[in-house]
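Protein chains in written order, with the numbering used here: chain V, 173 to 416; chain E, 31 to 672.
All C-beta atoms in this analysis are idealised placements derived from N, C-alpha and C, irrespective of residue type, glycine included.
No experiment lies behind these values; they were computed from the predicted model shown.
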Amino acid sequence: MDSTATSWITPPARPELIENLVSGVDRYNPNNVSILEDYLYHQIRNEEYDCLANLAILKLYQFNPELYNPDVVINILIKALTAAPSPDFNLCVALLDERPINAPLEEPDPLPALLPVLRNLHDHLFRCRFPAFWDIYRSDELEALRDNYTVEVVGFDNAVREVVVRAVKAAFTRISTARLGSYLALSGDDLSGYVAKLGWTIDSVTSVVDVPPNPDNQIEATVVQESIKLPQLAKVISHSALKA
Amino acid sequence: MSHQGVPLWAADADLDDDVELNLVIGNYGQNNFEDAPIQHPHLDEAAMIAIQQHMAQQAAFSQIPDVVKAFIVRFYQAVLENNLDEITVAYESGWNKYTEKFYARTEWPEAEIIAPLVNDDPIFLILYRELYYRHVYSRLQPNIDDRFHSYENSCELFNYLLNSDGPVKLELPEQWLWDIIDEFIYQYQVFCSWRSKVKNKTEDELVMLGEGGPVWSSYSVLNVLYSLMQKSKINEYIVAQREGKSPEEIAEIVGEYGQRPLYRMLGYFSIIGLLRVHVLLGDFTLALKVMENVELNQKSPFSRVTACHVTAYYYVGFCYIMLKRYPDAIRTFVTILNFIMRMRQYHTRSYQYDQISKTADRMYALFALCNALSPTRLDDNIANIAKERFSEQYAKISRGGQEALSAFEELFIYACPKFITANPPPYDDPSTISIVVNSASSADAPSGLDATQRHLALFLADVAAQLPVPTLRSFLKLYTSLDAKKLANFLDVDEEEMVQEMMAMKQASKSLSRVPGMENTGLLDGRWTTTSDLNFVIDENMVHIAESTVGRRYAGWFIKNTERAQKIFDDLKHMPLPGPPASLANTASQSSGGANPRAAASAIAASVSAPGGSVRETTDAQGQGQKTSAAPRKVAWGGVRA
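Given below as structure tokens:
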């Protein structure tokens, strides 16, 4: 993960047209909603992600209920799901105002039924309950979600695995293959292939995975000493200078 | 009362430089505006009614106490002459004084009635109505006509400011300008929450809401704020300032509007207003994004209006909470709470003091929330006050479990902004609204709470994930390494579940945070940093723990006391020598005694607000003080050097 928020605020792959929409007042123009929606489907097909652009869609829906398209909202939430533990998913839900009950829709709105499901999935990812996440996600009840939505989101499973990798990398120096496999929902050759791709190594005797050192899994006890910065002393020094 | 089909500032297209304005925000959602239903009498009755009205007005006019009449005339004169000092006096003390005396429980006289006093001046009458409605909202219960008319009046005011032929010559105190923007958003917010409660609306109200069109619509409110920002080129101004451009260059950049203090301040206040509107609508990233160029510190000349300054910090801090950036939220609240504490001694009598201290109390509550989720030793003083004020909740939080969750909920509900729903219930569709009215009467929850409940639920989901942390922490603190199975036994939980909780805990101990050197980047930016003093890592089944401790801090204490000593030394040097004849000593000590506290007070005020200009004033004041005190006597220490 990046050390700053810069690429979250402005993903490098964001086209200029979208940048102008996201950063300017043109984001409020309902005529631009299709541009942003197209960009969402581009993200879905190309394993890209642009949270702020997707929030701009939800903002337009918030102000113009007639634009509301439940499929778009669900796709936005699915994309935000795999940004855990960042707050993206909650930021999206925060913009979903109550729908007026007479909202004119030709088909029944799938969102009210799916929203609790997605929130539950997000909760499991956020709380690092990865085995439970996979159980629920792959259950029969969620067949509709998989067949109608996540199947279209290229690399969804791998995006979830990246959430796992981020959490494991920070908390472990070594982890058993069984445990890692249950987090990643992988086993056997798939698992060793995935681990190899990460550049991690498996000890063939103990079948324990070595997680390479990174700033988060290197811990040491420190004593933090204060460091005095010049501006703190500005008043004292300038006072003496005045008298000199 | 005059009113127009489309708010003028939005409809205007014949001024060249306004075209872009309308393009950028447009009239979205305003196209189907219909005339607000004000009853026009039939023509044949018109004359009769006019006479009756005239008589009624005369009667009302004669009811107005003479001192109030005189006050209005003087107020009008001050506005006419752009006499800022006089306007400030009338605005800050006169209005409040006569409100207390005559209008504590009733409306001020209507604008039409006092119109003869002010030459029917349309601009003054708009300003008068601004105060009139604000008084209705704060002291009385606004009815639907008040709500609609206050909106129309705001539109007329902004229309006059934005779409006159060039910048208007009007000047108003900064405080008033802030109050205008603040009140505009406040009325929008109360209108939205009133509108979302479909119960107990009269037939007339339902009809008016159905035909209300853009009255208090989110688009029209955003339109005003963005227009003021763009007209004043406030963002360009802030950037140019930061880049150290010369006054001439800045004047060139900001153009004829941005050069005038009225527009510049309104532009800045509109940024803060937008921050607030976006938070009310639940868009926390956009809220921080509009603040992109604003440097949040006490040195900015914009921090002079304390109420605005406090508002900005409150909403920014709240955004950080919703972005789970607790360290940033804590820093934001600590900064402003310290500021409020320092200014308390100067502002207690200000009419806004109540409002500011209420906001401060809510920020202590928010601080308590953040501190529980991301413990810090940033400012023990603030932490102690928060602990004292919310001791009950603090105790519950430290006990953990379901009780803790309800304490978090209490604090959040108490301290969160008044969230609103962007869209009205379907008042424009009589058949559906009757369904809604009937279904609402059966359901207990008023729909106005929905937005708050939604944000609360999101916040609590995050809190719930962190509930196991304090217990885990207390065990981990006892060891440097520990078998995971043993730890699970201590906690009486499933080992695998506990390992997952520890991963979540590890994740929660990192946060995006603004770090030194980021002052010129937007408020959304930040660097991932570790926020916990307790660190651990799992090596297969063995947990290794490392704790960071903070060494004792001396610098602040020494710096504070050095500064104090310097000040005492200075004061001593400026004091007259003891011993001159009694009569002389009397006058001398009086004048110097009078001058010194004032100088000291203004020096503190200067360190609180902008340096630069006002620091120079302080030295002047000191110089004068010394001159007067030195004059009657021959000996005065150090007076020459100043």
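- Note that the C-beta distance between aspartate 212(E) and alanine 337(E) is below 8 Å.
- When DSSP states are grouped into helix, strand and coil, arginine 301(V) belongs to the coil group.
- In this structure, proline 202(V) lies near asparagine 236(V), with their beta-carbon atoms less than 8 Å apart.
- When DSSP states are grouped into helix, strand and coil, alanine 342(V) belongs to the helix group.
- Residue contact with chain E for threonine 349(V): absent (no Cβ-Cβ distance below 8 Å to any residue of chain E).
- Neighbours of serine 578(E) across chain V, judged by C-beta separation under 8 Å: Ala393, Thr394, Val395 and Val396.
- In the structure shown, isoleucine 568(E) adopts extended strand secondary structure according to DSSP, grouped into three states.
- Within its own chain, the residues whose Cβ lies closer than 8 Å to the Cβ of leucine 521(E), once the five positions on either side in sequence are excluded, are Thr501, Leu502, Phe505 and Met528, listed in chain order.
- Residue burial is scored here from C-beta neighbours: glycine 547(E) has fewer than 16 other C-beta atoms within 10 angstroms and is therefore classed as exposed.
- Residue range 291-310 is occupied by the alpha helix (DSSP H) that includes arginine 294(E).
- At least one CB atom of chain E sits nearer than 8 Å to the CB of aspartate 269(V).
- If you look at leucine 114(E), you'll find it in the alpha helix (DSSP H) that goes 114-119.
- Annotation: the segment 311-367 of chain E contains the following complete segments of the alpha helix (DSSP H) (minimum length 4 residues), in chain order: 314-320 and 336-352.
- Sequence-ordered contacts of the segment 308-332 of chain E with chain V read Leu311, Gly312, Asp313, Phe314, Thr315, Leu316 and Lys319 [C-beta pairs closer than 8 Å].
- The continuous beta strand (DSSP E) containing threonine 373(V) extends over residues 373-375.
- As a beta-bridge residue in DSSP terms, aspartate 382(V) pairs with Arg346(V) and Thr373(V).
- In the three-state reduction of the DSSP assignment, isoleucine 308(V) falls in the helix class, which pools H, G and I.
- Here the alpha carbon of glutamine 483(E) sits roughly 46 Å from the alpha carbon of isoleucine 280(E).
- Around the beta-carbon of proline 456(E), 16 or more other beta-carbon atoms lie within 10 Å, marking it buried.
- Measuring C-alpha to C-alpha distances from tryptophan 138(E) to each of Thr341(E), Ser168(E), Ser562(E) and Pro608(E) identifies Ser168(E) as the nearest.
- Among the bridge pairs identified by DSSP, histidine 574(E) is matched with Ser511(E) and Val567(E).
- Ranked by how close their Cα comes to the Cα of tyrosine 394(E), the residues Ser421(E), Gln382(E), Tyr383(E) and Met373(E) have Ser421(E) in first place.
- At least one C-beta of chain V is nearer than 8 Å to the C-beta of tyrosine 249(E).
- A distance of 8 Å or more separates the beta carbons of alanine 342(E) and leucine 367(E).
- The segment 206-225 of chain E makes no contact with the segment 423-437 of chain E; the number of CB pairs closer than 8 Å stays below 3.
- Contact annotation: the segment 224-234 of chain V does not touch the segment 236-243 of chain E, with fewer than three C-beta pairs closer than 8 Å.
- By a beta-carbon distance limit of 8 Å, valine 324(E) contacts isoleucine 301(E). Their separation comes to about 6 Å.
- A straight-line Cα-Cα distance of about 9 Å links aspartate 307(V) and alanine 357(V).
- Residue-level contact by beta carbon fails for leucine 200(E) and chain V, as no gap is shorter than 8 Å.
- Under DSSP, threonine 579(E) forms a beta bridge with Val395(V).
- A direct Cα-to-Cα measurement between arginine 346(V) and glutamate 570(E) gives close to 5 Å.
- A straight line joining the alpha-carbon of isoleucine 181(V) with that of alanine 398(E) spans about 29 Å.
- Only those residues of the segment 349-365 of chain E whose C-beta falls short of 9 Å from the nearest C-beta of chain V are listed: Met352, Leu353, Lys354 and Arg355.
- The residues Asn565, in chain order, have a CB closer than 6 Å to that of alanine 576(E) in the same chain once the five nearest residues on each side in sequence are set aside.
- Burial is judged here by how many other beta carbons sit within 10 angstroms of a residue's own beta carbon; leucine 293(V) has at least 16 and is buried.
- The Cβ atoms of cysteine 400(E) and alanine 359(E) lie closer than 8 Å to each other.
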